[in-house]
Amino acid sequence: MSGQHVAFQDGAPQDFEADYVVAGSGAGGAAAAITLARAGFKVALVEAGPWRDPEDYPSSMYGTMRDMFADWGQMVAMGNPLGKDAIIPIVQAKLVGGTPVINSAIVVRTPGDVLDDWRERFGLGDVFTEQSIGAKQDQIERELDVTETAGVGMARSAATMLQALHQRGAEGHAIHRNVRAECEGVMQCLQGCKRRNKRTANFLWIPEMQEQHGGLVLSCAPVDRVLMENGQAVGVTGRWLHPETRKKGATFTVRAKRAVLVAASATGSAPILQRSGIKLPALGEGWRAHPGAGVVGVYPDPMDMHKGASQAVASLQYRKDIGIKLEHLSLPMELFAARVGGAGQTLMHKLEEYRRCAMWVSAVRADAVGTVKQNWLGGVSVKYQPTKADIARLRAGSKIIAEMHFASGAQKVWPGVYGMKPELGPDEVHLFDDAPLDNRSYTWVLSHLFGGCTLGKDPQTSVVGPDLHVRGVRNLHIVDAAAIPTTVGVNPQHTIMALAMVTAERLVGG
Numbered sequence: 023m024s025g026q027h028v029a030f031q032d033g034a035p036q037d038f039e040a041d042y043v044v045a046g047s048g049a050g051g052a053a054a055a056i057t058l059a060r061a062g063f064k065v066a067l068v069e070a071g072p073w074r075d076p077e078d079y080p081s082s083m084y085g086t087m088r089d090m091f092a093d094w095g096q097m098v099a100m101g102n103p104l105g106k107d108a109i110i111p112i113v114q115a116k117l118v119g120g121t122p123v124i125n126s127a128i129v130v131r132t133p134g135d136v137l138d139d140w141r142e143r144f145g146l147g148d149v150f151t152e153q154s155i156g157a158k159q160d161q162i163e164r165e166l167d168v169t170e171t172a173g174v175g176m177a178r179s180a181a182t183m184l185q186a187l188h189q190r191g192a193e194g195h196a197i198h199r200n201v202r203a204e205c206e207g208v209m210q211c212l213q214g215c216k217r218r219n220k221r222t223a224n225f226l227w228i229p230e231m232q233e234q235h236g237g238l239v240l241s242c243a244p245v246d247r248v249l250m251e252n253g254q255a256v257g258v259t260g261r262w263l264h265p266e267t268r269k270k271g272a273t274f275t276v277r278a279k280r281a282v283l284v285a286a287s288a289t290g291s292a293p294i295l296q297r298s299g300i301k302l303p304a305l306g307e308g309w310r311a312h313p314g315a316g317v318v319g320v321y322p323d324p325m326d327m328h329k330g331a332s333q334a335v336a337s338l339q340y341r342k343d344i345g346i347k348l349e350h351l352s353l354p355m356e357l358f359a360a361r362v363g364g365a366g367q368t369l370m371h372k373l374e375e376y377r378r379c380a381m382w383v384s385a386v387r388a389d390a391v392g393t394v395k396q397n398w399l400g401g402v403s404v405k406y407q408p409t410k411a412d413i414a415r416l417r418a419g420s421k422i423i424a425e426m427h428f429a430s431g432a433q434k435v436w437p438g439v440y441g442m443k444p445e446l447g448p449d450e451v452h453l454f455d456d457a458p459l460d461n462r463s464y465t466w467v468l469s470h471l472f473g474g475c476t477l478g479k480d481p482q483t484s485v486v487g488p489d490l491h492v493r494g495v496r497n498l499h500i501v502d503a504a505a506i507p508t509t510v511g512v513n514p515q516h517t518i519m520a521l522a523m524v525t526a527e528r529l530v531g532g
């Protein structure tokens with residue numbers, strides 16, 4: 023069987039048909055699509071972004087943001103519209119394969135306490151059990167070659183963090199990643215692995231779905247809305263968009279014989295349902311994230327952030343008591359310049375020290391809850407601000423990281439907090455205790471996103487019921503992070519994929 027890939031089209035409207043239509047090709051969409059295809063059904067995977075082969079990935083972050091990020095990485099979460107709160111960047115890709123193409127390939131199993139919470143509070147225990155999720159995560163780890171980071175992937179900045187955690191008596195581990203053992207340690211994870219060592223769906227599951235199971239892939243094809251007849255989802259419609267010129271092309275319609283699965287991300291799935299005329303109290307609500315920020319240590323000898331994996335070490339020591347996950351993070355020069363702050367000679371002096379820098383970050387399991395809505399201009403608006411308690415968690419994590427840097431031999435630390443000294447010495451870590459509890463003082467970034475179409479038993483607080491259907495609409499399902507009802511406290515890629523696979527198997531009676 024041979025499938026088909028249809029990219030940007032101009033001219034007359036285009037019509038297609040499949041058993042299942044999946045809108046979005048990221049972690050959830052690709053996992054659901056391959057599950058349905060292997061069950062013997064023809065699947066149409068409809069992706070807003072372009073198809074990029076690894077050989078064509080840009081080498082620079084500038085090129086990556088141009089070719090692979092959503093809207094050049096300009097999507098942000100906003101709080102008070104009068105500017106009293108921070109504007110926080112949202113990191114998200116827009117291409118076949120979705121955000122896993124440009125993430126750090128981190129694979130973390132869903133914590134048992136999260137699944138317990140879903141069972142007790144949201145009535146999901148009959149579907150997303152530890153057994154069902156665990157079985158799918160076993161399968162994912164086999165198929166995506168998940169392995170512990172070692173060898174050239176473990177750069178000096180990461181190994182130093184691991185040693186610092188152990189010296190502190192804290193849990194620390196080499197991150198498990200969907201990366202082959204042949205990883206060359208060239209720190210291109212965030213630009214997409216040109217060497218194909220990062221095992222992502224865009225050259226594993228999606229080609230299998232297309233070539234072995236006769237699947238259809240539409241790229242450069244943003245879905246506008248779900249088509250419904252007599253209370254039942256019967257397909258999707260949209261209009262092709264050229265990825266370079268932004269020219270609008272032909273309209274397209276993909277009819278679904280069996281069901282429509284929406285996997286357009288925590289920023290995209292709810293707006294599609296809103297544009298489709300679905301009106302539910304919880305639609306667009308319950309939007310959550312893991313905001314995070316880093317602290318830089320400057321060492322006497324080279325740490326060489328440009329080598330190894332972008333993220334190789336993490337700690338769950340403080341996940342429950344403080345509500346943070348600590349991670350090593352290496353950044354290419356373009357992103358590093360944006361994170362360390364300063365301008366003119368001040369910035370140039372910092373960049374001169376790039377090779378001697380190590381950045382370690384705190385990701386906060388935040389209490390904050392926001393919204394995602396279709397705005398009047400046709401775009402997406404995310405309203406979200408960390409709470410005072412969330413800021414306190416980040417501040418506590420930043421202090422721990424600063425202590426670890428100095429214990430590891432750092433000469434100085436750049437806290438990256440407005441209202442603090444821009445540079446701290448070993449005897450000044452205590453200044454974190456009085457650091458501002460103000461959103462605007464921190465260089466937050468949102469990279470783990472949840473909600474907007476959440477699962478649950480309560481019709482007032484959920485969009486998808488325990489039967490996995492969008493409430494009030496037959497044959498319409500959400501199979502991405504938009505359905506996840508809480509934060510998980512760890513990197514969510516593994517959870518999203520497993521949730522999508524379990525849902526897809528339920529749909530076909532597996």
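Numbering of the sequence shown is given in the numbering used here, commencing with residue 23 and proceeding in unit increments. Backbone N, C-alpha and C fix where the C-beta goes; we use that ideal spot for every residue, glycine too.
Terminal residues of the alpha helix (DSSP H) in which residue i lies
i	result
Tyr84	83-89
Glu142	134-144
Ile518	515-529
Ala157	152-165
Ile294	291-297
Where residue i falls, given that 16 or more other Cβ within 10 Å makes a residue buried
i	result
Met370	exposed
Arg268	exposed
Gly473	buried
Lys270	exposed
Leu471	buried
His312	buried
Ala457	buried
Ser81	exposed
Asp32	exposed
Met23	Because the pLDDT at Met23 is just 44, under 50, the model does not fix this residue reliably, and the value given afterwards should be weighed accordingly. That one is exposed.
Trp94	exposed
Arg496	exposed
Gln333	buried
Asp75	exposed
DSSP three-state assignment for residue i, whether helix, strand or coil
i	result
Asn224	helix
Ser384	strand
Val362	helix
Leu305	coil
Asp37	strand
Val314	Checking the displayed sequence, the identity of residue 314 turns out to be Gly instead of Val. It is a strand residue.
Tyr42	strand
His371	helix
Met23	For Met23, the predicted model reports a pLDDT of 44, less than 50, meaning its position is unreliable; a value from the coordinates is still stated below. In this structure, Met23 counts as coil in the three-state DSSP scheme.
Arg378	helix
Glu233	helix
Lys421	helix
Ile300	coil
Glu266	coil
Met250	strand
Ala115	strand
Lys395	strand
Limits of the unbroken beta strand (DSSP E) element including residue i
i	result
Ala53	Looking at the DSSP string, Ala53 is not in any beta strand (DSSP E); the run it does join, the alpha helix (DSSP H), is 49-60.
Ile346	346-350
His188	Here His188 belongs to no beta strand (DSSP E); instead the alpha helix (DSSP H) covers 178-189.
Ser332	First-last for Ser332: undefined, no H or E at that position.
Met100	98-100
Phe274	270-284
Trp262	254-263
Spatially closest choice to residue i from the options, by CA coordinates
i	options	result
Pro229	Trp262, Thr169, Ala66	Ala66
Asp78	Arg377, Gln185, Leu357, Arg217	Arg217
Arg415	Asp326, Ile300, Arg387, Thr476	Arg387
His328	Ser179, Pro111, Leu146	Ser179
Val113	Gly50, Arg74, Val136, Leu357	Leu357
Gly345	Leu351, Ser337, Ser352	Ser337
Arg4	Ala172, Val362, Met83	In the structure displayed, the chain extends from 23 to 532; residue 4 sits before or after that span and is not available.
Ala505	Val118, Trp140, Val168, Arg60	Trp140
Phe454	Gly438, Gly207, Thr465	Gly438
Leu399	Ala49, Phe225, Pro293	Pro293
Glu69	Ser82, Glu425, Gly134, Ala55	Ala55
Ile128	Val451, Ala522, Ile518	Ile518
Pro244	Gly46, Val391, Gln396	Gly46
Gln153	Thr169, Gly134, Glu163, Glu349	Gly134
Lys64	Ala288, Ala411, Ala281, Gln515	Ala281
Phe91	Gly48, Gln515, Glu233	Gly48
Gln26	Asn252, Leu240, Thr476, His452	Leu240
Check: residue i C-beta below 7 Å from any heavy atom of the ligand SAH
i	result
Leu521	The ligand content of the structure shown is nil, which means the ligand SAH is not present either.
Subject >> Uninterrupted beta strand (DSSP E) stretches inside the segment 426-482 (no shorter than 3 residues) >> reply: DSSP runs (the beta strand (DSSP E)) wholly in the segment 426-482: 434-436, 467-472.
Subject >> Runs of beta strand (DSSP E) lying entirely within the segment 189-219, each at least 3 residues, in chain order >> reply: Listed in chain order, the beta strand (DSSP E) runs fully inside the segment 189-219 are 198-200, counting runs of at least 3 residues.
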